[in-house]
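What follows is a set of notes on a single structure, which appears directly below.
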Amino acid sequence: MAVSGALGAYAYAIRLKKQEQSKRRIPRKWPLVVRAMVNSRERLVWRWMLRAFQDHHVMVKLPVTRFTMPQVREEGQHWFQILGGVYCTFTVCNNDGQVVGCVDVPGPQGLSLSNQTLKHTLLSQCNVRYWVVDPEHLPSVSTIRAAFLGEQAVMKEELERVRTETEFNQTRANLKAALIRQRNNQPTASDFARLEALMSADPHSHDAYDSQLSTTWKHDSFVAPLDSRSGELTEGR
């Protein structure tokens, strides 16, 4: 009786071990499909944030443990287990990889107060801004940029924009003036008329060449000596 009981327990243990191994075995065909990272409400806010932070990077559903770290290294595993599932809908970082702000988009059921409080407290202590944005009531671009980047950064950007716009307008005005000067220096209709009369005149008519060339062509070294001194031609002796 005791032997049969021991055999039964051993067989049960073997079966459990095989079941555990089968769970950990990598399947030949994964039972998974691709899905969208954002829903329709989140997509509206995402597109708005891409316009608001064109000079930054907007990342989707990044865990807070990806850009925070414990002050005491030995407590890392403890805090990771607590915060491993905490993430924000969107995270904004600069070109140096430094996070400047996070945005949550509430679902149809809203976002719990405890969830908002946890993220707001955690991120504020890390000097990271945290906002909850409703896609049906989007704030202005300047408002969220000032909140995430600071008033001074926004003012500096505005001054830079005005300077660039001023330089652009000055360049455009200079180009326009140059085009006007170029048009004024182009041959007029009367110039083309004189040239056409010259080309259509009798090539054997001395008067035709005299009357046209005298008004449109200037003498050069072909018809006048280079020293340009006047003198009468005399027959060689």
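Heads up: the sequence shown begins at 16 in our numbering, then just goes up one per residue.
Every residue, glycine too, gets a C-beta built ideally from N, C-alpha and C.
Legend entry - Cβ shell of residue 63 (< 6 Å), same chain only, five flanking positions each side left out: Here residue 63 refers to the residue found at position 48 of the sequence shown. Closer than 6 Å at the Cβ level, and outside the excluded window around residue 63, lie 153.
Legend entry - Separation of residue 192 from residue 185, as counted between CA atoms: The sequence position of residue 185 within the sequence shown is 170, counting from 1. The sequence position of residue 192 within the sequence shown is 177, counting from 1. So the alpha carbons of these two residues sit roughly 11 Å apart.
Inset, instruction - Determine the closest residue to residue 58 out of 91, 144, 76 and 41, with distance taken between C-alpha atoms. - result: Residue numbering aside, residue 58 sits at position 43 when the sequence shown is read from its first letter. Checking every option, the nearest Cα to that of residue 58 belongs to 76.
Legend entry - CB of residue 85 within 8 Å of CB of residue 120, strictly: Here residue 85 refers to the residue found at position 70 when the sequence shown is read from its first residue. Here residue 120 refers to the residue found at position 105 when the sequence shown is read from its first residue. The Cβ atoms of residue 85 and residue 120 do not sit closer than 8 Å to each other.
Inset, instruction - State the start and end residues of the unbroken alpha helix (DSSP H) segment that holds residue 59. - result: Here the question's residue 59 lines up with position 44 in the sequence shown. First-last of the alpha helix (DSSP H) with residue 59: 55-67.
Legend entry - Presumed contact (8 Å Cβ cut-off) between residue 61 and residue 73, rounded CB distance: Your numbering for residue 61 matches position 46 in the sequence shown. Your numbering for residue 73 matches position 58 in the sequence shown. Contact flag correct, Cβ pair sits at about 7 Å.
Inset, instruction - Assign residue 94 to one of three DSSP states: helix, strand, or coil. - result: Counting from 1 along the sequence shown, the entry for residue 94 is found at position 79. Three-state DSSP puts residue 94 in a helix.
Legend entry - Own chain, CB closer than 7 Å to residue 83, minus 5 neighbours either side, in chain order: Numbered from its first residue, the sequence shown carries residue 83 at position 68. Around residue 83: 141.
Legend entry - Straight-line Cα distance separating residue 45 from residue 117: Position 102 of the sequence shown, counting from 1, holds the residue named residue 117. Position 30 of the sequence shown, counting from 1, holds the residue named residue 45. About 33 Å.
Legend entry - Nonlocal neighbours in the same chain, by C-beta distance under 7 Å from residue 66, ignoring five residues either side: The residue given as residue 66 occupies position 51 in the sequence shown. Taken in chain order, the residues that qualify are 156.
Legend entry - Cβ-based burial, residue 31 [other Cβ within 10 Å; buried from 16]: The sequence position of residue 31 within the sequence shown is 16, counting from 1. Exposed, since its Cβ has fewer than 16 Cβ neighbours within 10 Å.
Legend entry - Coarse secondary structure for residue 163, derived from DSSP in three states: In the sequence shown, counting from the first residue as 1, residue 163 sits at position 148. Residue state, collapsed to three classes: helix.
Legend entry - Opposing strand residues paired with residue 45 [DSSP bridges]: Residue mapping note: residue 45 aligns to position 30 of the sequence shown, counting from 1. Residue 45 pairs with nothing; no bridge assigned.
Inset, instruction - Kindly give me the distance between the Cβ atoms of residue 71 and residue 103, rounded to whole angstroms, as I take these residues to be in contact under 8 Å. - result: By 1-based counting over the sequence shown, the position of residue 71 is 56. By 1-based counting over the sequence shown, the position of residue 103 is 88. The pair is not a contact, with the Cβ atoms about 15 Å apart (cut-off 8 Å).
Inset, instruction - Name the one or two DSSP bridge partners that residue 141 has. - result: Here residue 141 refers to the residue found at position 126 when the sequence shown is read from its first residue. Bridge partners of residue 141: none, in fact.
Legend entry - Proximity of residue 101 and residue 163 at Cβ, strictly below 8 Å: Here residue 101 corresponds to residue number 86 of the sequence shown, with the count starting at 1. Here residue 163 corresponds to residue number 148 of the sequence shown, with the count starting at 1. In this structure, residue 163 does not lie closer than 8 Å to residue 101 by Cβ.
Legend entry - Paired residues, beta bridge with residue 72 - DSSP: Against the sequence shown, residue 72 aligns to sequence position 57. DSSP lists 108 as partners of residue 72.
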